[in-house]
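A.B. asks: Going letter by letter, the sequence shown gives residues 0 to 361 in numbering that gives the first Met the number 0.
We treat Cβ as the ideally placed atom computed from N, Cα and C, and that holds for glycine.
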Amino acid sequence: MGDEEIQLDSFTGTDDQKLTAALDLARNSNPRRPIRLSAHSYTFSQTRTTFSGLRILGPNVGWQNPEIANTAGALPQCTVTLNCGNGANSWLVGAATTYDVMVAGITFKSSNAVTQFYHHPYSAGTSFATTLDTLSFYGFKHVLGTPADPFSMTLVTTRGSWTCVAVQDTQFSLRGSDNFLWVAGDLNYGWQGANQGRYLMRFSNLSKTAVKHLYLTARGGSRAVLVEATAQGGLDFSDCVIEGQNANDQAMGALIVTKGQASFTNIKLNFGMARPSDFTDQADTAYIMVLGGSALIANVWVNKANKPGTSTQVAETVPVVDVRGGTAYVSTVIGCGSGWATKPLAKASGGTLVADQSLRTS
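(1) Please report the distance separating the alpha-carbon of residue 340 from that of residue 301.
(2) Thinking residue 228 and residue 259 are a contact (beta carbons under 8 angstroms), I'd like their distance in whole angstroms, please.
(3) Whose C-beta lies closer than 7 angstroms to the C-beta of residue 25 among residues of the same chain, with five residues either side of it excluded?
(4) Name the one or two DSSP bridge partners that residue 217 has.
(5) Can you tell me whether residue 338 is helix, strand or coil according to DSSP?
(6) Compare the C-alpha of residue 218 against each of 16, 313, 119 and 197 and name the closest.
(7) So residue 246 and residue 305 are supposed to be a Cβ contact under 8 angstroms. How far apart are they, rounded?
(8) Hey, how far is the Cα of residue 322 from the Cα of residue 257?
(9) Do you know offhand how far residue 81's Cα is from residue 43's?
(10) Measure the alpha-carbon distance for residue 348 versus residue 354 and round it to whole angstroms.
(11) Buried or exposed for residue 11, going by 16 or more other Cβ atoms inside 10 Å?
(12) Strictly by DSSP, which residues pair up with residue 293?
(13) Quick check on the burial criterion: 16 or more other C-beta atoms within 10 angstroms. Buried or exposed for residue 0?
(14) Assuming residue 97 contacts residue 171 (C-beta within less than 8 angstroms), just tell me the rounded distance between them.
(15) Looking only at its chain, what residues have a beta carbon closer than 7 angstroms to the beta carbon of residue 184, apart from the 5 residues adjacent to it on each side?
(16) Give the C-beta separation of residue 189 and residue 216 to the nearest angstrom, bearing in mind that I take them to be a contact with Cβ-Cβ under 8 angstroms.
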């Protein structure tokens, strides 16, 4: 029986009791044996402490999107409802540095709008060489980390096609280094509503990390990306769509705010800055606001939103990039769609701007 899978349904009792027994067996196996869920629904309510080699796998791996109808039978049929809290009361909690944790092929649903999937604070070391593969989340407070206590990660890989819908708060708050986030995958994640300017994703002290294939929809009162305190640099975003829903279902303010060291290349940046006066936590002045550090911004496509309730587009006097601190190197920014009378604007309100001929500058 050495290294064969542990079938969760081979145990008796409630779903939590089955998982407790499976985790005990996995923790004491050498080499670690993976836990395999079956093609039906489960409900888990207990917080679990992660350990090196923990692997929880759905019955198969494939694209999953719980908000799209008429897909019955086509998607992996494993849905796990979590009835947990967040922070130290999340479903998975790292209490010390762990190695080689893996979760794959599961759709997770929150039963209570306050659940967090996985919490590993910096005070507990780091989640090292974790693999998270083809996961979906419905109705979660947070997925990885909290804004006040980001998920600590080193050599982590997120891969496969992910979906986050019906979200209740910032899903990803991350710190660490040397990670590969959706380089071999994609993340489709949107947020609608008045949320006091919270961000879809926060990258705090995250360096030497590749982030690719994000499709972020920051509708209404949300912003998409915040970068802060990345002193070592090397946080590289590429091949992403970061936008409001469309020209008439807009993001009201900035889409990207960066205070650290980051690059943004091959970015589709659409339908932002429709009504920045909605925000009171800061003055939003551009689609991308550079408030400190160094930013490399290249190969950007920009579509304009309409102002709410009108057919009047956001003015071209609104900068695509406003450098209010630090330094930004900006090149090949293209205004696309209708209504562009001139080149997109890049502005230096307080920092240093180095821009190419694709932009107007001030």
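C.D. replies: Considering the structure as presented:
(1) Going from the Cα of residue 340 to the Cα of residue 301 covers about 13 angstroms.
(2) Rounded, the Cβ-Cβ distance is 5 angstroms, consistent with contact.
(3) Closer than 7 angstroms at Cβ, skipping near neighbours: 5, 31, 32, 34 and 53.
(4) For residue 217, which the question treats as bridged, DSSP gives the partners 190.
(5) Three-state result, residue 338: coil.
(6) The option with the nearest alpha carbon to residue 218 is 197.
(7) Going by Cβ atoms, the distance from residue 246 to residue 305 rounds to 5 angstroms, so yes, they are a contact pair.
(8) Their backbone Cα atoms lie some 10 angstroms apart in a straight line.
(9) Near 5 angstroms, if we compare the C-alpha coordinates of residue 43 and residue 81.
(10) Across the structure, residue 348 and residue 354 are spaced so that their CA atoms are roughly 14 angstroms apart.
(11) Exposed, because fewer than 16 other Cβ atoms sit within 10 Å of the Cβ of residue 11.
(12) For residue 293, which the question treats as bridged, DSSP gives the partners 260 and 326.
(13) Note that residue 0 scores 45 on pLDDT, short of 50, meaning its location in the model is unreliable and no value can be drawn from it.
(14) Between residue 97 and residue 171, the beta carbon gap of about 19 angstroms keeps them out of contact (Cβ cut-off 8 angstroms).
(15) Its chain contains 157, 158, 159, 160, 161 and 212 as the residues whose beta carbon lies nearer than 7 angstroms to that of residue 184, once the 5 sequence neighbours on both sides are disregarded; these appear in chain order.
(16) Indeed, because the Cβ distance is near 3 angstroms, the residues count as touching under 8 angstroms.
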